[in-house]
Amino acid sequence: MLKVDGRARCIAAGNGRTLFRDLPAPVTLKVDSRLRDLAVHVLLDLYGVLLDHEKMFRGYRERLAELLAARFGGTPETWRRAHDEAWVTYVQRVNSVDWESRGYADIVDELDARHLLEIFERVGVTGRPADTLAVSREFEREAMSHVNARYSDARTAIERLRSAGHRVYVATGGSETNDAALRGAGLFDLIDRIFTGHSQNAQKGQSRYWQEIPHQLGVKPRDCVLVDDRLDYLEAAASVGIVALLLDRKAAHRPESMPPYVEATLRNLAGLPHWVELWTATRHD
Numbered sequence: 001m002l003k004v005d006g007r008a009r010c011i012a013a014g015n016g017r018t019l020f021r022d023l024p025a026p027v028t029l030k031v032d033s034r035l036r037d038l039a040v041h042v043l044l045d046l047y048g049v050l051l052d053h054e055k056m057f058r059g060y061r062e063r064l065a066e067l068l069a070a071r072f073g074g075t076p077e078t079w080r081r082a083h084d085e086a087w088v089t090y091v092q093r094v095n096s097v098d099w100e101s102r103g104y105a106d107i108v109d110e111l112d113a114r115h116l117l118e119i120f121e122r123v124g125v126t127g128r129p130a131d132t133l134a135v136s137r138e139f140e141r142e143a144m145s146h147v148n149a150r151y152s153d154a155r156t157a158i159e160r161l162r163s164a165g166h167r168v169y170v171a172t173g174g175s176e177t178n179d180a181a182l183r184g185a186g187l188f189d190l191i192d193r194i195f196t197g198h199s200q201n202a203q204k205g206q207s208r209y210w211q212e213i214p215h216q217l218g219v220k221p222r223d224c225v226l227v228d229d230r231l232d233y234l235e236a237a238a239s240v241g242i243v244a245l246l247l248d249r250k251a252a253h254r255p256e257s258m259p260p261y262v263e264a265t266l267r268n269l270a271g272l273p274h275w276v277e278l279w280t281a282t283r284h285d
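So the sequence shown is numbered by this note's numbering: it starts at 1 and just counts up by one.
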């Protein structure tokens, strides 16, 4: 499915600092060639940082209905209505499931397969697919790959990071199909690796999602920087030593109220390459 967060938690305000709030436009820096050897491993959240979740959801919903109608008959409107009704139940299950009872992948796979079956039932399709999960994933990939939900500042920021010698990854709470969302956005070829709830077998709000990422990349936690729009995810990453950077596109958080685990706040991705260069120059030995 697009994104599975589980139940959101409230994070109390702390006495954090904002070191680098905003740059209105990209800035070109002359960087000492020696610093280029000190690559920062930048982990970017998918929805809210690289992609607009609402735009993706609308486009995904439309394309999915077209695909289902073409395969099983009926009108796209009938399938959209069935999807919307089943989606309400899906979200309720996501929020009520015991995420500690089993691995993330098992739970999400079961939820997603059940979601597709409910859509079929509401439309009146008879006959269950031999492998419901495989069919669900097939339609997810196809639908996502046709939606460009990219924020306007995403591609340029990634290109500038890569040209400076840094590595760029995606860290999402979504499923294994989110490579298709990156393809639809024209970003897939710019990403070094994708971490998902499936690959880590955990939710992003759990520290175990982040624990193995530095090891998997062969670096120290402080060589990794996470850019995310949710404080609970940043807190979990910071708990294992990853540098936490809040992207606050809507200026929803007051700088003076930032928790101490937030290293800096950005209003857009245009300022990210500059911040990374400053971090490289001042934080690495």
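Glycine included, every Cβ here is placed at the ideal spot set by N, Cα and C.
* Would you say Asn148 and Ala171 are within 8 Å of each other, going by their C-beta atoms? -> Your numbering for residue 148 matches position 148 in the sequence shown. Your numbering for residue 171 matches position 171 in the sequence shown. No.
* To do: Can you give me the start and stop residues for the beta strand (DSSP E) that Asp228 sits inside?
  => If you number the sequence shown from 1, residue 228 lands on position 228. Counting along the chain, the beta strand (DSSP E) containing Asp228 begins and ends at 224 to 228.
* If you check the beta carbons only, do Glu118 and Thr89 fall under 8 Å apart? -> Indexing the sequence shown from 1 puts residue 118 at position 118. Indexing the sequence shown from 1 puts residue 89 at position 89. Cβ atoms of Glu118 and Thr89: closer than 8 Å.
* **Where the alpha helix (DSSP H) through Thr75 begins and ends** => Sequence index remark: in the sequence shown, residue 75 carries index 75 (1-based). Neither: Thr75 is in no alpha helix (DSSP H) and is coded neither H nor E.
* Touch check for the segment 246 to 263 and the segment 128 to 140: three-plus C-beta pairs under 8 Å? -> no
* **Three-state class that DSSP yields for Asn15 in the structure shown** => Along the sequence shown, one-based indexing puts residue 15 at 15. Its pLDDT being 31, under 50, Asn15 is placed unreliably in this model, and the value from its coordinates should be taken loosely. Coil at Asn15, not helix or strand.
* To do: Could you tell me whether the Cβ atoms of Arg61 and His83 are closer together than 8 Å?
  => Here residue 61 refers to the residue found at position 61 when the sequence shown is read from its first residue. Here residue 83 refers to the residue found at position 83 when the sequence shown is read from its first residue. The answer is yes: Cβ separation under 8 Å.
* **Neighbourhood of Val219 by C-beta distance below 8 Å, restricted to the same chain and skipping five residues each side** => Along the sequence shown, one-based indexing puts residue 219 at 219. Hits under 8 Å: His41.
* Measure the CB-CB distance between Gly174 and Thr196 and report whether it falls below 8 Å. => For the purposes of this step, residue 174 is taken as the residue at position 174 of the sequence shown. For the purposes of this step, residue 196 is taken as the residue at position 196 of the sequence shown. It is a contact, given that the beta carbons lie within the stated cut-off.
* Give a yes or no on whether the C-beta atoms belonging to Thr265 and His253 are separated by under 8 Å. => Here residue 265 corresponds to residue number 265 of the sequence shown, with the count starting at 1. Here residue 253 corresponds to residue number 253 of the sequence shown, with the count starting at 1. Yes, the pair counts as a contact, with Cβ atoms nearer than the cut-off.
* To do: For my contact list, Pro260 and Val240 are in at a C-beta cut-off of 8 Å; report their separation, rounded to the angstrom.
  => Counted from its first residue, the sequence shown places residue 260 at position 260. Counted from its first residue, the sequence shown places residue 240 at position 240. Their Cβ separation, rounded to whole angstroms, is 16 Å, which puts Pro260 and Val240 out of contact at 8 Å.
* To do: Below 6 Å CB to CB, which residues in the same chain sit around Gly103 once its five sequence neighbours on both sides are set aside?
  => Indexing the sequence shown from 1 puts residue 103 at position 103. Excluding sequence neighbours, Gly103 sits near Asn201.
* To do: Taking Arg208 as the reference, give the member of Tyr233, Asp228, Arg63 with the closest Cα.
  => Along the sequence shown, read from residue 1 onward, the residue named residue 208 stands at position 208. Of the candidates Tyr233, Asp228, Arg63, the one whose C-alpha sits nearest the C-alpha of Arg208 is Tyr233.
* Asked: Assuming Asp45 contacts Asp179 under a Cβ cut-off of 8 Å, what Cβ separation, rounded to an integer in Å, is found between them?
  -> Taking the first residue of the sequence shown as 1, we reach residue 45 at position 45. Taking the first residue of the sequence shown as 1, we reach residue 179 at position 179. Asp45 to Asp179, Cβ: 15 Å. No contact.
* Would you call the CB atoms of Ala86 and Pro76 closer than 8 Å? -> Within the sequence shown, numbered from 1, the residue matching residue 86 stands at position 86. Within the sequence shown, numbered from 1, the residue matching residue 76 stands at position 76. Contact flag unset, no.
* Asked: Cβ of Ala157 within 8 Å of Cβ of Leu272?
  -> Here residue 157 corresponds to residue number 157 of the sequence shown, with the count starting at 1. Here residue 272 corresponds to residue number 272 of the sequence shown, with the count starting at 1. It is a contact, given that the beta carbons lie within the stated cut-off.
* To do: With DSSP as the reference, label His53 as helix, strand or coil.
  => By 1-based counting over the sequence shown, the position of residue 53 is 53. Here His53 sits in helix by DSSP.
* Are Ala237 and Gln206 close, meaning C-beta to C-beta below 8 Å? -> The count along the sequence shown starts at 1 and reaches residue 237 at position 237. The count along the sequence shown starts at 1 and reaches residue 206 at position 206. Not in contact: Ala237 and Gln206 (Cβ atoms no closer than 8 Å).
* In the structure shown, what three-state DSSP assignment does Val40 receive? -> Position 40 of the sequence shown, counted from the start, is the residue given in the question as residue 40. Here Val40 sits in coil by DSSP.
* To do: Spell out the partners DSSP gives Thr265 in its beta bridges.
  => For the purposes of this step, residue 265 is identified with residue 265 of the sequence shown, where counting begins at 1. Per DSSP, Leu246.
* Spatial distance of Glu110 from Thr177 (CA atoms) -> Residue numbering aside, residue 110 sits at position 110 when the sequence shown is read from its first letter. Residue numbering aside, residue 177 sits at position 177 when the sequence shown is read from its first letter. Answer to the nearest angstrom: the Cα atoms are 15 Å apart.
* Simplified DSSP assignment, three categories, for Val88 -> On the sequence shown, residue 88 is found 88 positions in, with the first residue counted as 1. In the structure shown, Val88 sits in a helix (DSSP, three-state: H, G or I).
* Just how far apart, CA to CA, sit Leu161 and Ala69? -> Translated into the one-based positions of the sequence shown, residue 161 becomes position 161. Translated into the one-based positions of the sequence shown, residue 69 becomes position 69. Each residue's alpha carbon lies about 42 Å from the other.
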